[in-house]
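A.B. asks: After the structure tokens below, expect a handful of questions from me.
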Amino acid sequence: MTVLNDTSPTAPSVGTPSRGKTRGGGLGRYVLIRFLLIFPTVFILVTLVFFLMRVVGNPITASVGGRLTPAQLQERLHAAGYDRPIVVQYGEYLGQLVRGDFGTTLTDHRRISDILLSYGGATVELVFYALIVALIIGLPLGMLAAYVRDRWPDVILRVFAIFTYATPVFFAGLLLKLVFAIWLGVLPLGGRASTRVELALGTIPNPTGIYLIDALRTGNSVIISDVLAHAVMPALALGLITGGIFLRLTRTNVIGTLGADYIDAARSRGVSEFRLVRMHALKPALIPIITVMGLQIAMLLGGSVLTETTFGWRGLGFELQYYLSARDFVAVQGIVALLAVIVAVTNFIVDIVAAFIDPRVRY
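Just so we're aligned, residue 6 is where the sequence shown starts under this note's numbering, counting upward by one.
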């Protein structure tokens, strides 16, 4: 697979591998290596989270130590195994993770795996919406900025990108709520759905926890529109930040590609500038954008904590904020460990997609 046809007069002269025999093997080896890298990545992240959580002391003392007598505290520490060497605790923690056991919260004694199953879908759904918003904003506006580069629309778009990137997500969320929910009254103030819709979604068999999928399964347009209406503002608040990054990245890469020799050749044949941007410059410019997209997933997951709190969106970010306030570091550790797994797997998928689009990535 090649991105551009070598025989085409518009093809670039670089990065066109002629070693067809090694191309398939290169892809297989690349996928295998990227897949194996998931494990050390998750291991490092989980290890960092574990020891960073221990910097503040053991979880029981941090969360409920002030409400217990010294004897009761010592008894709780011994029962939970926190009076043993930290290396032993770390080994047991890794063993639990391998078995899929994330532990139990200290404050309300809920199994962390149940929290992850109950609220993980909400966070994944929000990040998906935000990514769609970022792509819708970033790609076309970035192409437009490249097309009108150095003219006043380009300046406006660049300022817009800087503004969206610099705006804190909670401020953007509050501003959106003020305009669309309070002043105009066209969107709901918060939550993932209205109460009656949540009750209706709770009655469907085997709900996924991702409201859009569950709403589509009902086939009820009122339920679907209600779910989408509740998602608009959280998705905008979270997606605008990444949209600004994509806009700048698309503009820079398209302008860079427009200076290539094969673009000059096409331009000399009378191909319009708009067609050059749309047909010839965008695809090569997508490669760094897709690569950055994997990194932006981690940023979106981090931003989901503030977004979910601002809009009352009951996802992992909302729960993480609650347990941070309660200083329940066992719960925090479990939720962050899962987010680390999601980030590692997402980066793996993004790397594979980039390799399919551009074979040069594999070499």
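Built from N, CA and C at the ideal position, the CB exists for glycine as well.
Using CA atoms only, rank isn't needed, just tell me which of G224, L241, V164, T46 is closest to L136.
C.D. replies: L241
A.B. asks: Please identify the residue among G249, F316, G214, I292 whose C-alpha is closest to the C-alpha of V237.
C.D. replies: F316
A.B. asks: Between the C-alpha atoms of V297 and L245, what's the straight-line distance to the nearest angstrom?
C.D. replies: 16 Å
A.B. asks: On the DSSP letters alone, give me the boundaries of the alpha helix (DSSP H) that T112 sits inside.
C.D. replies: No alpha helix (DSSP H) holds T112; DSSP gives it neither H nor E.
A.B. asks: M58 to A234, Cα distance in whole Å?
C.D. replies: 38 Å
A.B. asks: Using the Cβ count rule (16 or more neighbours within 10 Å means buried), how would you classify Q77?
C.D. replies: exposed
A.B. asks: DSSP state of S230, grouped into three classes?
C.D. replies: It is helical.
A.B. asks: Using the C-alpha atoms, what's the distance from G299 back to N352?
C.D. replies: 5 Å
A.B. asks: Since Y87 and F55 are thought to touch, with beta carbons under 8 Å apart, how far apart are those beta carbons, to the nearest angstrom?
C.D. replies: Actually they do not touch by this definition, with Cβ atoms about 13 Å apart.
A.B. asks: Which whole runs of the beta strand (DSSP E) in the segment 183-265 are 3 residues long or more, in chain order?
C.D. replies: none
A.B. asks: Can you round the beta-carbon distance between L131 and P239 to whole angstroms, since I take them to be within the 8 Å contact cut?
C.D. replies: 6 Å
A.B. asks: Check the C-beta distance from V174 over to L306 and give it rounded, since I have them as a contact under 8 Å.
C.D. replies: At roughly 12 Å, the Cβ-Cβ gap does not stay under 8 Å, so V174 and L306 are not in contact.
A.B. asks: By DSSP, does Y87 sit in helix, in strand, or in coil?
C.D. replies: If DSSP states are grouped into helix, strand and coil, Y87 belongs with coil.
A.B. asks: Could you give the DSSP three-state label for R274: helix, strand or coil?
C.D. replies: coil
A.B. asks: Could you compute how far the alpha carbon of K182 sits from the alpha carbon of R197?
C.D. replies: 14 Å
A.B. asks: Put W157 into one of helix, strand or coil per three-state DSSP.
C.D. replies: helix
A.B. asks: Would you check if the segment 120-128 and the segment 269-287 touch, i.e. whether three or more CB-CB distances between them fall below 8 Å?
C.D. replies: no
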